[in-house]
Structure formats: C-alpha cells, structure tokens
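Chains as they are written, first to last, in numbering that gives the first Met the number 0: chain A, 0 to 78; chain B, 0 to 348. Note that the Cβ used here is the ideal one computed from N, Cα and C, for glycine as well.
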Amino acid sequence: MKVRVRYFGAIAEQTGRNEEVLDLTAVGFMVQDVKSFCLEKYSLSDAESLQLAVNQELNKEGELSDGDEVAFLPPFAGG
Amino acid sequence: MLFYHLLPGDEMNDNLRYSRQIKLPEVGTEGQEKIGKAKVLIVGMGGLGCPAAQYLAAAGVGTLGLMDHDQVDATNLHRQILYGTADIGKAKAETAREKLQHQNEKISFKTYNQGLTIENALEIINDYDIIMDGTDNLQSKYLINDACLLAGKPWVYASIYKYEGQLSVFNYKKGPSYRCLFPKIPQADISCEATGVIGVLPGILGTYQAAEVLKIILGIGQVLSGQLKIIHTLTMQEQTITFKRDEKQVQEVLQRDLRQETNHCQLKDLNQLYLDVREAHEQPKPEQEVLKIPMPQLQQRYREIPQDKAVHVFCQSGIRSSQAIQFLQEKYGFKNLINVEGGIQSLLK
C-alpha cells in the first residue's frame, strides 16, 4: 500500500524533495495520517495555511488507496 | 495602390490592426467589439502585470486600469519588462501607461499611483469588468478576493515562488473564491525580494493570466475556474488541482465589510533587542514587543533607540534597515546597530 506524495513551493524546500513514495502500513491509511506524518518528519511550519489534495482534488478526506497521489500545497505570495 | 499595412497611427484601420485575431472564428468582428468594450483592472504592475498589460493592450482591450503604489527599482528590471534603466525612481503605473500607450494609442488607460486598500477597493473595482491580480503579497490577494466577491466581479489570480507559479480564476460565474482554496492566511509572507525569482516565471504566468482575461471577455474555451494550475519551470511539469466553492467561506465575506488581513509571526530569538523600521501597515507583524520606528520618523524619534546594547535593525528585505543604520550612524553616532541582512523572514521561528 503505497502513495506518492508531492511537495510544492516552500514545502518542497523544507522537505528537500519534490516527491516521495510513502508506505501506508508504516504511516497510517487516512489522509490526515499522511499529513501528520509529514508535518512531523520534516518539522513543517505554518501547517494551518497548507492545503492537501488527493489525486488532484482538494480537501479529500478519508482513507487512501494504493497508488493515490497526495499533494502538499502552500499558497504562493510573489508577483 | 495603397499599402494599408504600412500606414501608421490613425490611418491604420482597426480591422487591419486586429485582423489576425479577428480571423479566428471564435473571435471575429463581434469578439473584437467585446474586447474593445472591455474594462480590465490590473492590480500591481510588477512581474505579472507588465507582460499581461502588454498583451491586453495589443489585443485592443478598451480600457486598461493600471494600479501600483510603487516606483521602479533597479532590482525590478530583470523581470518587470516594461521598465528600463532610465525609469528607476519613476511611478510604475504612470511609466507603464506611457509605454503601453505608445504600443497601442487606440485604447484608454486609467492609472492609479496607489495601492488597493479597504477604503478604495470597492469603488475602483466597481468600474471594471475583470480584475487581474499582479500583486506580490497575500494581504492584497485576500483583499482583491473579498472586494471582487462583494462587487460580483471575476478575478484572474497568479502567484509565483522562485521557479514555480500558481494560476486560477476566482469568482467566475459563481465559481469558487480564493478563500475556498486557501481559507487561512499563512504566518510568513514570502515575497520575491526575500526569496529570489527567475525573471521569466512571472512572464509565463502573466501571459497565462492575459489569456484567461481574453477568454472571459470573449466567452470562449474553458476558463480556469475551480482549478489551480501549478507550473514548475525547472521540470516543465504542470499539475492541475480541482477544488469546489465553499459556501461558508463565501457567505462570511458577503456578510461582513472588507477587512485588513494580518499575519502575526513569532521571532526566533527573544533575547535580542529589535528595531522594526517598516511602515505600520507592513506584514508580518511580530507577536513579541519590538521597537517600531518607521524610516521617515527616525529623525524625530532616534532618542528612543538604546545606545548601550546591541540593537538588531530589520525591515522587509534588509535594504531599508541598512539605510536606516547608515543614517543613524552618520547623523547621531550610533555604534551598536546590527543589520538583519535577510529581513524579517530570516528572524522567524
């Protein structure tokens, strides 16, 4: 049971990577489990404004399936 | 025999000028008329606003509103391509108008040498059909969003970070708003000044924004509503995230007046003495007590700054604070001031 996690913007810098594969059996099967796991693993700051998408759809909650893609989206501010 | 395509200015027929887009079946003379009647406000004439304004002016958008409170700075020139060396120090909105008017003298411009505020936002936005966001800070994006919701106008959003860009259209035909995508304002406001940015990135995003504006005017294609496009220029990978309207977020805005978003932040090292030389409206605001003396008030208030212990002076990016230190050293003999090179962002937890 594996999911692909993608990081964008400043989050990708804090994690040091654009994406990685996580094994749900070690992390937990819910979207919230993946979020908590990554927040802690990389000590991500400012978690409140961060939004998650599952399979390119925002705010999907519940259980993940094998092969799902989870995206960590921070707002960008520049212009 | 007359070579009409060689005639300058007034003698050039509009049908000739716009002939290559009129030729498109989706545009036609009817579409060109729609473009000619359209009123578009560009908030922020920086990296995004410059290229967007050039394409919208070239396309013949009837009225272009150009808004920016700022003056051209040397550090803008690598990405804000309407401006050159000779424009440094000049007001951006007015300088942009001069260049764009030269590019297309047939369209009207309105310039605002000021920023969008809770006081002026609704009155200005009400005069336009579509708002294009070229701002470089989150407070402005939330303000544009809320004002557009209240005024019932669509807005075309883009934001950039180093090599990555985000693009979307909000409040289009009852579609989602910016608050439906990002309900909570982050602690730290990350700007190009603080992080650096590749010059071509706002060029790409601003041009995409101009395309969305034209699609909305013409009513053609699929407008990027309810979708966030993310573009990474180093990998040239794109991703599109879909999201829905959150009625609770929308109703909250509709039932209250415009408000100033504040992002509070926490400083890493609390044992140091800090002097903030930014203006009162600048964000983020530290939660801790720091000495606040905006640059223009230094002359009157320098006595408030202790001379017997180290004072770390900061602004947004480290530039103004270093000027403040130079001023205080030369004029009043301060010897205890340390510049925070990376600006406020480098002090955050």
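Which residues of chain B have a Cβ atom closer than 9 Å to the Cβ of residue i, listed in chain order?
| i | result |
| --- | --- |
| Phe-7/A | Tyr-160, Glu-163, Gln-165, Ile-229, His-231 and Gln-238 |
| Leu-72/A | Gln-165, Leu-180, Phe-181, Leu-227, Ile-229 and Ile-240 |
Can the beta-carbon of residue i be found closer than 8 Å to that of residue j?
| i | j | result |
| --- | --- | --- |
| Leu-65/B | Ile-41/B | yes |
| Gly-133/B | Leu-47/B | yes |
| Ala-279/B | Gln-208/B | no |
| Lys-109/B | Gly-59/B | no |
| Gly-164/B | Ile-230/B | yes |
| Val-350/B | Met-131/B | This structure cannot speak to residue 350/B, because chain B is shown only from 0 to 348. |
| Thr-62/B | Lys-98/B | no |
| Tyr-171/B | Pro-153/B | yes |
| Ile-184/B | Asn-262/B | yes |
Expressed to the nearest angstrom, what Euclidean distance is found between the alpha-carbon atoms of residue i and residue j?
| i | j | result |
| --- | --- | --- |
| Val-30/A | Pro-175/B | 23 Å |
| Glu-303/B | Glu-12/A | 39 Å |
| Gln-238/B | Leu-227/B | 8 Å |
| Phe-242/B | Ser-345/B | 33 Å |
| Glu-39/A | Ala-46/A | 10 Å |
| Gly-27/B | Lys-33/B | 10 Å |
| Asn-335/B | Leu-272/B | 11 Å |
| Arg-19/B | Leu-43/A | 50 Å |
| Arg-300/B | Ile-117/B | 29 Å |
| Glu-93/B | Gln-113/B | 11 Å |
| Arg-258/B | Ser-139/B | 11 Å |
| Gly-78/A | Ala-52/B | 14 Å |
| Ala-57/B | Lys-214/B | 15 Å |
| Val-196/B | Leu-166/B | 16 Å |
| Met-44/B | Asp-67/B | 6 Å |
| Pro-295/B | Gln-55/A | 48 Å |
Since residue i contacts residue j with CB under 8 Å, what's their CB separation in whole angstroms?
| i | j | result |
| --- | --- | --- |
| Leu-142/B | Leu-115/B | 6 Å |
| Gly-8/A | Tyr-160/B | 4 Å |
| Gly-198/B | Arg-16/B | In fact, because the Cβ distance is near 29 Å, the residues do not count as touching under 8 Å. |
| Ala-146/B | Leu-121/B | 6 Å |
| Ala-309/B | Ile-337/B | 6 Å |
Find the residues of chain A that neighbour residue i, judging by a C-beta separation of less than 7 Å, and give them in chain order.
| i | result |
| --- | --- |
| Ile-184/B | Ser-48 |
Chain A partners of residue i, CB-CB under 9 Å?
| i | result |
| --- | --- |
| Val-39/B | Neighbours of Val-39/B on chain A: none; closest Cβ ~16 Å, over 9 Å. |
| Thr-134/B | Ala-76 and Gly-78 |
| Gly-43/B | Gly-78 |
| Pro-201/B | Gly-77 and Gly-78 |
So residue i contacts chain B; which residues on that side make the cut at Cβ distance below 8 Å?
| i | result |
| --- | --- |
| Gln-55/A | Gln-238, Thr-239, Ile-240 and Thr-241 |
Which residues of chain B have a Cβ atom closer than 7 Å to the Cβ of residue i, listed in chain order?
| i | result |
| --- | --- |
| Ala-52/A | Ile-240 |
What does residue i touch in chain A if you count any residue whose Cβ is under 8 Å from its own?
| i | result |
| --- | --- |
| Val-155/B | Within chain A, no residue comes near Val-155/B; the closest Cβ sits about 12 Å away, beyond 8 Å. |
| Val-196/B | Gly-77 |
| Leu-47/B | Gly-78 |
| Leu-137/B | Pro-74 and Ala-76 |
Alpha helix (DSSP H) runs wholly inside the segment 292 to 340 of chain B, at least 4 long, in chain order: Those alpha helix (DSSP H) runs which fall completely within the segment 292 to 340 of chain B and span 4+ residues are 297 to 300 and 318 to 331.
Secondary structure, alpha helix (DSSP H): runs of 4+ residues fully inside the segment 246 to 291 of chain B: Taking only runs of at least 4 residues, the alpha helix (DSSP H) segments lying wholly in the segment 246 to 291 of chain B are 246 to 253.
Alpha helix (DSSP H) runs contained entirely in the segment 161 to 204 of chain B, provided each spans 4 or more residues: Secondary structure within the segment 161 to 204 of chain B: the alpha helix (DSSP H) runs of 4 or more consecutive residues, fully enclosed, are 177 to 180 and 191 to 194 (chain order).
Beta strand (DSSP E) runs contained entirely in the segment 107 to 140 of chain B, provided each spans 3 or more residues: Listed in chain order, they are 107 to 111 and 129 to 132.
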